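Enquirer: All residue numbers for the sequence shown refer to full-length UniProt numbering, where the first residue is 1 and numbers rise by one.
C-beta: ideal position from N, C-alpha, C; glycine also.
All values reported here derive from a predicted model rather than from experimental measurement.
Below is one structure. I have some questions about it.
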Amino acid sequence: MLSPSINIPAHRPFNWSECLWYLDREFDDCIYRVYPYKVRRAFHVNGQNLLVDILFTGEALEVEWLTGEPGPGQINHIKNFIADWFDVETDLAPFYKLLGNQKELSYMPEAFAGLRFIGMPDLFEALVWAITGQQINLRFAYKIKRRMVEAYGSAIGFEGDKYWIFPPPEVIASLSVAELKDLQLSAKKAEYILNIANAFLDRTLSKQILQNLPTFEARLSLLTGIKGIGVWTANYVLMKSLNEQSAVPYGDAGLQKALVNHNIIIDKNDKEGISRFYKSVGGWESYTSLYLWRSMAGRV
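Written out as structure tokens, the structure is:
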């Protein structure tokens, strides 16, 4: 007997169509599957694999259990994960007011109303993804991710399909550079990923450790002190996994192009202009980056 569905209240505005578009974008992320009106994702919690559907009812996200009988701790874990994934608690009104005062961006609150910051709550997955995707195109990065997950992750079978779960640090740490290179990662990226996996194992790094640090600067310093994690990667991961609003992935080509398109900077080398702009949206840097990325795609 499956457990009853649970609801996760979502602060309005919340635009489910925009969120589903962002999750899909015609890329092939093997960790979840986007269907019309819902997302399906597998979780591994306390030794059990669980599969859920996530829908939006107009007031809340509804989580429907497709496999397993989760206990209270597992339900709470998945509920918190999904709430973080879709950033359901943030009040966007102050952000939209800020955008309204930015001449070049004042159209965004209406054009992208209710688009939420889609995170990556699993810190290890976020770090591996950030390393994998550097200096290659996104489609190839997703292919490498799928190879890794299908080779070393776990899966739930349901109605003839497999739903994959990202491999944990202990699994990746047990691999060799050669095995990771077989996935078409470079030797350097393989070394960095193994180093990060071992940082989790020796408890140098965890999401809880980062969350317990008092400042953004302290979290940035801890991450960049680990071989393989540069400033861009650290900012990206703090933004995606910890919803750190002060994080800006400086040097991101998409952001640079969006800033040029909005006449905020003259060219991508205008570092002073980029810094000045992000100071003007202080407290909402990550959301501003999301909406700039979103602007590159036009209307859904």
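If the criterion is Cβ atoms closer than 7 Å, does the pair residue 307 and Tyr142 meet it?
Expert: Any property of residue 307 remains undetermined from this structure, which presents the chain solely from 1 to 300.
Enquirer: With DSSP collapsed to three states, give me the class of Phe216.
Expert: Looking at Phe216 - three-state DSSP - the assignment turns out to be helix.
Enquirer: Would you call Leu205 buried or exposed, if buried means 16 or more other Cβ atoms sit within 10 Å of its Cβ?
Expert: buried
Enquirer: Hey, out of Trp164, Arg203, Ile144, whose CA is closest to Leu183's CA?
Expert: Ile144
Enquirer: Val149: which of Lys271, Lys279, Trp164 sits nearest, CA to CA?
Expert: Trp164
Enquirer: Counting Cβ pairs closer than 8 Å, one from the stretch 275–292 and one from the stretch 155–170, do we hit at least three?
Expert: Short answer: they don't touch.
Enquirer: Near Ala83, which residues of its chain fall below 6 Å by C-beta distance, leaving aside the five closest residues on each side in sequence?
Expert: Ile8
Enquirer: Spatial neighbours of Arg41 within its chain, please: CB distance less than 8 Å, with the 5 preceding and 5 following residues excluded, ordered by chain position.
Expert: Cβ within range, chain order: Ile31, Tyr32, Arg33, Leu51, Val52, Ile54, Tyr163.
Enquirer: Would you say Gly114 and Pro13 are within 7 Å of each other, going by their C-beta atoms?
Expert: yes
Enquirer: Considering Cα atoms alone, identify which of Ile193, Val237, Gly71 is closest to Lys227.
Expert: Ile193
Enquirer: Are Arg116 and Phe86 closer than 7 Å when you measure CB to CB?
Expert: In this structure, Arg116 lies near Phe86, with their beta-carbon atoms less than 7 Å apart.
Enquirer: Could you pull the DSSP bridge partners for His44 from this structure?
Expert: Asn49
Enquirer: For Val63, which residues does DSSP report across the bridge?
Expert: Ile6, Ile54
Enquirer: Which one or two residues does DSSP pair with Asp161 in a beta bridge?
Expert: Phe158.
Enquirer: Where does Asn46 land, buried or exposed, given buried means 16+ other C-beta within 10 angstroms?
Expert: exposed
Enquirer: Apart from the five residues on each side of it in sequence, which residues of its chain come closer than 7 Å, Cβ to Cβ, to Ser154?
Expert: His44, Asn49, Ile165
Enquirer: What are the start and end residues of each continuous alpha helix (DSSP H) run of 4 or more residues lying completely inside the stretch 128–188, in chain order?
Expert: 138–152, 169–173, 177–181
Enquirer: Check whether the stretch 250–257 and the stretch 197–204 touch, using three or more Cβ-Cβ pairs below 8 Å as the test.
Expert: Not touching, per the Cβ criterion.
Enquirer: Identify the continuous alpha helix (DSSP H) that holds Arg203 and give its terminal residues.
Expert: From DSSP, Arg203 is part of no alpha helix (DSSP H); its letter is neither H nor E.
Enquirer: Per DSSP, which one or two residues make a beta bridge with Lys38?
Expert: Tyr35, Leu55
Enquirer: Spell out a yes or no on whether the stretch 218–238 and the stretch 121–130 are touching, meaning 3 or more CB-CB pairs, one atom from each, closer than 8 Å.
Expert: Yes, they touch.
Enquirer: Could you check what DSSP says for Gly73 in three-state terms: helix, strand or coil?
Expert: In the structure shown, Gly73 falls within a helical segment according to DSSP collapsed to helix, strand and coil.
Enquirer: DSSP three-state call for Val300: helix, strand or coil?
Expert: The pLDDT assigned to Val300 is 47, lower than 50, so where the model puts this residue is not dependable, and the model offers no usable value.
Enquirer: State the Cα-Cα distance for the pair Glu147 and Gln102, rounded to the nearest angstrom.
Expert: Looking at the sequence provided, one finds Arg at residue 147 rather than Glu. The straight-line gap separating the alpha-carbon atoms of Arg147 and Gln102 is approximately 43 Å.
Enquirer: Lys227 by DSSP, collapsed to three states: which one?
Expert: Lys227: coil per DSSP, three-state reduction.
Enquirer: Please report the residue range of the alpha helix (DSSP H) in which His90 lies.
Expert: Rather than His, the amino acid found at residue 90 in this sequence is Thr. Thr90 -> no alpha helix (DSSP H), and no H or E assigned at all.
Enquirer: Does the separation of the CB atoms of Val88 and Ser5 fall below 7 Å?
Expert: no
Enquirer: Label Leu175 either buried or exposed according to how many other C-beta atoms from any shown protein chain fall within 10 Å of its C-beta, with 16 as the threshold for buried.
Expert: buried
Enquirer: Specify, as a first and last residue, the run of the alpha helix (DSSP H) that Pro109 falls within.
Expert: Element bounds for Pro109: 108–111.
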